[in-house]
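Enquirer: Everything in the sequence shown is counted per our numbering, starting at 1 for the first residue and increasing by one.
Don't be surprised by glycine CBs; every beta carbon is placed ideally from N, CA and C.
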Amino acid sequence: MKRHFEDLQLGSIELFCLAAEAGSFTAAAQLAGVTPAAVSRSILRLEQRLGSRLFARTTRSIRLTDAGRSFFEQCSQALTQLVEAQQEVMGAQTSPSGRLRISLPTTYGHHRILPLLPKFRALYPEVTVDVHLGNRNIDFVEEGYDLAIRVRAQPDSTLIARLLEDAALVVVAAPEYLHRAGTPQTLDDLIAHECIQFELPSSGRRISWLFQENDRDLEVISDGGYSCSDDVLGGVTLAKHGAGLFQTYRFIVEQELADGRLMEVLQPYAGRSRPYTLLYPHGRYVPQRVRAFVDFLLGFREEWAGPAR
C-alpha cells in the first residue's frame, strides 16, 4: 500500500478538527500547544491541497463551509478510530470511549432506547452519546453514524443486522369509544368502526393492519376519518381521546392498558409483530464503543420478548 499522507498533513487534519470543534483558531491553538498563526497556516496548507475552502473566515469568527462540514464529520470519525486502535494495541484503553452516534425511530427511541442510555453511560462514562430521533433512512458514511435501529430493515450487504425484538401488535381503543360505538368481535366488524390510519412518510401509503386466524397471517385494509404519518404516537393519542380504534405496538401502550385508559380488542386475532433491527457498518475494525453498545442492547432481548401470550 502506498502512502497517501505525510506526517505534516495528518497534523493539519488534527488541527483542523480541533478548530472545527472549538469554533476558533485561538482555542484550537491552546488545546494543541501551538500558536494561532501556526493553526491558521496549517489549515491554509490543507485547503490548498484539497482545493476547497474549509472555513469561512471573518475578523471575529470562523464557520465551516459545506465542504468543511462534510470533511470534518469524516475526519473526526477517522481520527477517533486511529486513537482507539492505537490505545487498544498499546493496552491503554481499559474501557470504551469517544462519541457514539445513533439514529433511532422516534417511537422506539422514546419507549425502548432513551430510558436505557443512563445505564449504558453509568457502565461506560467515557462514551458520549449523540442521538438522532427520526424515521428517515440515514447514510452511515456521509452522516457519520455508528449505529441505527429500524423497523422492517431492508437487507444491505454493507451492514451488520442484529434483531432486537419482534414487537407485538395490538388493537386498542378508549373505553368511551367502545361504549359509544360497541366492541368489535370479528375482523368483519371493523367495517363499521372508526379505524385510525397510519401513513408511511416515505410513500404516503396507509399500512394495513396485521392479524392471525387459525395460524394464518392476514392483512386487513381498514378505513377511518383520521390519519397520521411519521409518528405512531399521534395515532395512540387520538385513540386515548376516543377517536377510534388503532393498531400499534404493545410496548407503547402497556401502561395505558394496565391503568384502563385503553382497552385491547380483537384479542383472538392477535399474534402478529414487526421486527426492530440494530444496524451498523461492516468493517475489520469495529470501535469498542460500538461493540459495547451492541452487546448492551442485545442483553435486553429476552426482557423485551416478554412472556408468551
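For the beta strand (DSSP E) holding ASP231, just list the boundary residues, first then last.
Expert: No beta strand (DSSP E) contains ASP231, which DSSP labels as neither H nor E.
Enquirer: So for ALA308, helix, strand or coil by DSSP?
Expert: Only weak support is given to the placement of ALA308: the predicted model assigns it a pLDDT of 48, under 50, and the question is left unresolved by the model.
Enquirer: So, helix, strand or coil for HIS241, using DSSP?
Expert: Correct three-state label for HIS241: coil.
Enquirer: For ILE351, write down the residues that DSSP places opposite it in a beta bridge.
Expert: This structure cannot speak to residue 351, because the chain is shown only from 1 to 309.
Enquirer: Please classify ARG289: is it buried, with 16 or more other beta-carbons within 10 angstroms of its beta-carbon, or exposed?
Expert: Per the 10 Å Cβ criterion, buried.
Enquirer: Mark ASP146 as exposed unless 16 or more other C-beta atoms lie within 10 angstroms of its C-beta, in which case mark it buried.
Expert: Buried.
Enquirer: Specify the secondary structure class of ALA174 as computed by DSSP and reduced to three states.
Expert: Of the three classes helix, strand and coil, the one that applies to ALA174 here is coil, per DSSP.
Enquirer: Report the three-state DSSP secondary structure of PRO105 (helix, strand or coil).
Expert: PRO105 falls in the coil class under three-state DSSP.
Enquirer: Whole-angstrom Cβ separation of PRO275 and LEU169, contact assumed at under 8 angstroms?
Expert: No, PRO275 and LEU169 are not in contact; Cβ-Cβ is about 12 angstroms, not under 8 angstroms.
Enquirer: Taking the alpha carbon of GLY225 as the reference point, which residue from ALA148, PHE251, GLU219 and GLN197 has its own alpha carbon closest?
Expert: Out of ALA148, PHE251, GLU219 and GLN197, GLN197 has the C-alpha closest to the C-alpha of GLY225.
Enquirer: In whole angstroms, what separates the C-alpha of LEU317 from that of HIS110?
Expert: Outside the modelled stretch of the chain, which goes from 1 to 309, sits residue 317, for which no answer is possible.
Enquirer: Where does the unbroken alpha helix (DSSP H) through VAL34 begin, and where does it stop?
Expert: Taken as a continuous stretch (DSSP letters only), VAL34 belongs to no alpha helix (DSSP H), as it is neither H nor E.
Enquirer: Could you check which residue in TYR280, GLU176 and PRO268 has the C-alpha nearest to that of ASP215?
Expert: Among TYR280, GLU176 and PRO268, the Cα nearest to that of ASP215 belongs to PRO268.
Enquirer: Buried or exposed: which applies to ALA305, given that a residue is buried once 16 or more other Cβ atoms fall within 10 Å of its Cβ?
Expert: So ALA305 ends up on the exposed side.
Enquirer: According to DSSP, is ARG216 part of a helix, a strand, or is it coil?
Expert: If DSSP states are grouped into helix, strand and coil, ARG216 belongs with the strands.
Enquirer: Taking all protein chains shown into account, do 16 or more other C-beta atoms lie within 10 angstroms of the C-beta of HIS193, making it buried, or fewer, making it exposed?
Expert: With 16 or more other Cβ atoms within 10 Å, it is buried.
Enquirer: Go to LEU297, then tell me how far its alpha helix (DSSP H) extends in each direction, as first and last residue.
Expert: LEU297 -> alpha helix (DSSP H) spans 288-298.
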